[in-house]
Amino acid sequence: MQIILNNKKNNLDNSPSFEGEIDPTQRAWIEVSGKAIEANVRQLISKLKNNCEFMAVVKADGYGHDAKVVSESAIKGGASQLGVATLKEGIKLRSFGINVPILVLGNLYAKKDLLTCFRNDLMPTVSTIRECLICNNIGKSNDLKFSIHLKVDTGMSRLGFDCIQFVQQFDNIKSLENIAIKGIYSHLACADEDNALNPKSRTQLQRKKFLELLNLINIDKKKNIKIHLANSAGMILGKDFHFDMVRVGLSMYGYEPVVKINEQSFLKPALFLKAKVTFVRTIEKGIGVSYGNKFVCDRKTKLAVLSIGYADGIIRNLSGKISLIYNKKLYPQVGSITMDQMMVDITDSDDIKVGSTMLLLGYQGKEAISPIDWADKCNSIPWEILCSFKNRLPRVQVD
Ligand SMILES: *Cc1c(COP(=O)(O)O)cnc(C)c1O
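Quick note: the sequence shown uses my numbering, first residue 806, plus one each step.
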């Protein structure tokens, strides 16, 4: 957990350190429901093809939720592998004692990094022969096999072997004795597009390309090489996209990657962003609020000041566009969001006071606000909203 405890006993000025005594829910914080993550993983797994494994993607500190809580909950829910973006993220998970296979989704090109990867029992994503040879050498000098996943590019144009080269080089790679190929995978670029189920869509073409490539190479069935393609949006497209494993991020956190109208989601958001009211004031009609006075009230207005702002990762472009929930009712945020604070119009409330907790993201009663709503309002995507929250917001596990 991100709760900071200051263990420094010998402060130079001998002043006592109070940092550890600050209640993490005193100002603004993120509550994370491990149970929601666990339930989402279970639900998602129930929709998978038989024997298909679930890799929980926990990069970027578990999409801002706290990678430790997310990883442990996902494993409880049935995830058998984890995916991270960087070497450091993987090492951190190992330091928590997590022992399932972990795939580094980013590219490690330096020998030193690949060696660190090996020593921490992490699997690199390999996209070139050069890296295969480095991995093989590392395996050889340790008298072991270095477990890796090979990646092919089927249309994302990011990481991965070029398809034709991969087919030509696969037998060579297979012959390297000190690497163990644990997976062959590719990544979808457009799986969240409306037409993804159309046989001519880019997503279907990517799948076809991937299948063709798999047909052209000679995979030893006994080696248990996991074939994988789908992210959250790809998984929803159906069992044709599941292969031996899916790599799921967004859905596991409780959000549909594709917004389905009139359909109740079986997923539960795991993140609740909350902030306390630190000050209340009433202003007369015609008075402006916040920097630039861009909002001018048209009635006598009661304002709540919340101690949360863009330095916590609340995108300033959302100023005046969002609402907050208190006691199952919505209240509009008004004026520019400032670095550390924001104002909320609470004129219609008689129960909000200093010390009240307002909900920015999450659900309460019938009211729900999701990162998808925020993303729509500021030309972003829910993924970006979730990983914009800063470390200044403590993460608190609630169950
Ligand atoms: C981030 C990532 C995922 C997960 O994507 P979601 O859309 O959040 O499910 C899967 N695969 C790769 C390679 C990724 O980088």
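Built from N, CA and C at the ideal position, the CB exists for glycine as well.
* Cα-Cα separation between Met1040 and Asp1049, rounded to whole angstroms -> Counting from 1 along the sequence shown, the entry for residue 1040 is found at position 235. Counting from 1 along the sequence shown, the entry for residue 1049 is found at position 244. Approximately 12 Å, taken between the alpha carbons.
* To do: Pull up the distance between the alpha-carbon of Thr921 and that of Tyr990, whole angstroms please.
  => Against the sequence shown, residue 921 aligns to sequence position 116. Against the sequence shown, residue 990 aligns to sequence position 185. Approximately 22 Å, taken between the alpha carbons.
* By a C-beta neighbour count over all protein chains shown, 10 Å radius and 16 as the cutoff for buried, is Lys814 buried or exposed? -> Within the sequence shown, numbered from 1, the residue matching residue 814 stands at position 9. Any reading at Lys814 must be qualified, since the residue scores a pLDDT of 44, below 50, and its modelled position is unreliable; the value itself is stated next. Lys814 comes out exposed.
* **Helix, strand or coil at Arg1086 according to DSSP, with G and I counted as helix** => Residue 1086 sits at position 281 when you count from the first residue of the sequence shown. If DSSP states are grouped into helix, strand and coil, Arg1086 belongs with the strands.
* To do: Flag this pair as yes or no: are the beta carbons of Val1203 and Phe1077 separated by less than 9 Å?
  => In the sequence shown, residue 1203 corresponds to position 398, counting from 1. In the sequence shown, residue 1077 corresponds to position 272, counting from 1. Cβ atoms of Val1203 and Phe1077: closer than 9 Å.
* Report yes if the C-beta of Pro1062 is less than 8 Å from at least one heavy atom of ligand 1; otherwise report no. => The residue given as residue 1062 occupies position 257 in the sequence shown. It does: the Cβ of Pro1062 is within 8 Å (strictly closer) of some heavy atom of ligand 1.
* Asked: Thinking C-beta only, is Leu887 closer than 9 Å to Met860?
  -> In the sequence shown, residue 860 corresponds to position 55, counting from 1. In the sequence shown, residue 887 corresponds to position 82, counting from 1. A contact, by the Cβ cut-off of 9 Å.
* For Leu993, which three-state DSSP category applies? -> Along the sequence shown, one-based indexing puts residue 993 at 188. Reduced to three states, the DSSP call for Leu993 is coil.
* **Straight-line gap, Pro1004 to Phe1046 (C-alpha atoms, nearest Å)** => Counting from 1 along the sequence shown, the entry for residue 1004 is found at position 199. Counting from 1 along the sequence shown, the entry for residue 1046 is found at position 241. The alpha-carbon atoms of Pro1004 and Phe1046 are separated by roughly 13 Å.
* Asked: Looking at Arg1197 and ligand 3, is the gap between the Cβ and the nearest heavy atom below 8 Å?
  -> For the structure depicted, ligand 3 is absent and the ligand set comprises only ligand 1.
* Given Pro1176, which residues of its chain have a CB within under 6 Å of its CB, disregarding the five upstream and five downstream residues? -> Numbered from 1 along the sequence shown, position 371 holds the residue referred to as residue 1176. Counting only Cβ-Cβ distances below 6 Å, and skipping sequence neighbours, we find Pro1187, Ile1190 and Leu1191.
* Going by the CB atoms, is the gap between Met1148 and Val1101 shorter than 9 Å? -> Taking the first residue of the sequence shown as 1, we reach residue 1101 at position 296. Taking the first residue of the sequence shown as 1, we reach residue 1148 at position 343. No, they are not a contact pair.
* **Through-space distance from Asp1145 to Leu817, alpha-carbon basis** => Against the sequence shown, residue 817 aligns to sequence position 12. Against the sequence shown, residue 1145 aligns to sequence position 340. Note on Leu817: pLDDT 48, under 50, position unreliable in the model; the coordinate value appears next. Rounded to whole angstroms, Leu817 to Asp1145 spans 29 Å at the Cα level.
* Starting from the C-beta of Ala884, find all residues in its chain whose C-beta is less than 6 Å away, skip the five residues before and the five after it, and write them out in chain order. => Stepping through the sequence shown from its first residue, residue 884 is reached at position 79. Val846, Phe859 and Ala861, listed in sequence order.
* Asked: Looking only at DSSP bridge pairs, what is Phe859 linked to?
  -> The residue labelled residue 859 in the question sits at position 54 within the sequence shown. Phe859 is bridged to Val1051.
* Asked: Can you list, in chain order, the residues of its chain whose CB lies under 7 Å from that of Arg1007, leaving out five sequence neighbours each side?
  -> Against the sequence shown, residue 1007 aligns to sequence position 202. Around Arg1007: Gly960, Ala994 and Cys995.
* **CA-to-CA distance, Ser946 to Ser900, given in whole angstroms** => The count along the sequence shown starts at 1 and reaches residue 900 at position 95. The count along the sequence shown starts at 1 and reaches residue 946 at position 141. Whole-angstrom Cα-Cα distance: 25 Å.
* Could you check what DSSP says for Pro1187 in three-state terms: helix, strand or coil? => Residue mapping note: residue 1187 aligns to position 382 of the sequence shown, counting from 1. Helix, per DSSP.
* Which residue's Cα is closest to the Cα of Ile1092: Lys1105, Glu1061, Val1085 and Phe1084? -> Locating residue 1092 in the sequence shown gives position 287, where the first residue counts as 1. Ranking Lys1105, Glu1061, Val1085 and Phe1084 by Cα distance to Ile1092 puts Lys1105 first.
* To do: Please report the Cβ distance between Lys1195 and Ala1116, rounded to the nearest whole angstrom; I am assuming they are in contact, meaning their Cβ atoms lie under 8 Å.
  => Within the sequence shown, the letter at position 390 stands for residue 1195. Within the sequence shown, the letter at position 311 stands for residue 1116. That belief holds up - the Cβ atoms of Lys1195 and Ala1116 are roughly 7 Å apart, short of 8 Å.
* **Heavy atom of ligand 1 within 8 Å of Gly1043 beta-carbon** => Within the sequence shown, residue 1043 is the residue found at index 238, counting from 1. Answer for Gly1043: no, Cβ out of range of ligand 1.
* Asked: DSSP on Leu1135, reduced to helix/strand/coil?
  -> Along the sequence shown, one-based indexing puts residue 1135 at 330. Three-state DSSP puts Leu1135 in a strand.
* Asked: For ligand 1, is there a heavy atom less than 8 Å away from the beta-carbon of Asn1036?
  -> For the purposes of this step, residue 1036 is taken as residue 231 along the sequence shown, with counting starting at 1. Checking every heavy atom of ligand 1 against the Cβ of Asn1036, one is found closer than 8 Å.
* Which term fits Gly1170, buried or exposed, when burial requires 16 or more other beta carbons within 10 angstroms of its beta carbon? -> The residue you call residue 1170 lines up with position 365 of the sequence shown. Result: exposed.
* Asked: At a cut-off of 8 Å, is Ser1205 close to ligand 1 when judged by its beta-carbon and the heavy atoms of the ligand?
  -> The first residue shown for the chain is 806 and the last is 1204, placing residue 1205 beyond what the model contains.
* **Every unbroken alpha helix (DSSP H) inside the region 879 to 908 [4 residues or more]** => 892 to 900
* Hey, is Val1203 close to ligand 1, as in C-beta under 8 Å from one of its heavy atoms? -> As a working note, residue 1203 is residue 398 in the sequence shown. No; taking the cut-off as 8 Å, the Cβ of Val1203 has no heavy atom of ligand 1 nearer than that.
* **Distance, Glu843 Cα to Ser851 Cα** => In the sequence shown, counting from the first residue as 1, residue 851 sits at position 46. In the sequence shown, counting from the first residue as 1, residue 843 sits at position 38. Going by the C-alpha atoms only, they are around 13 Å apart.
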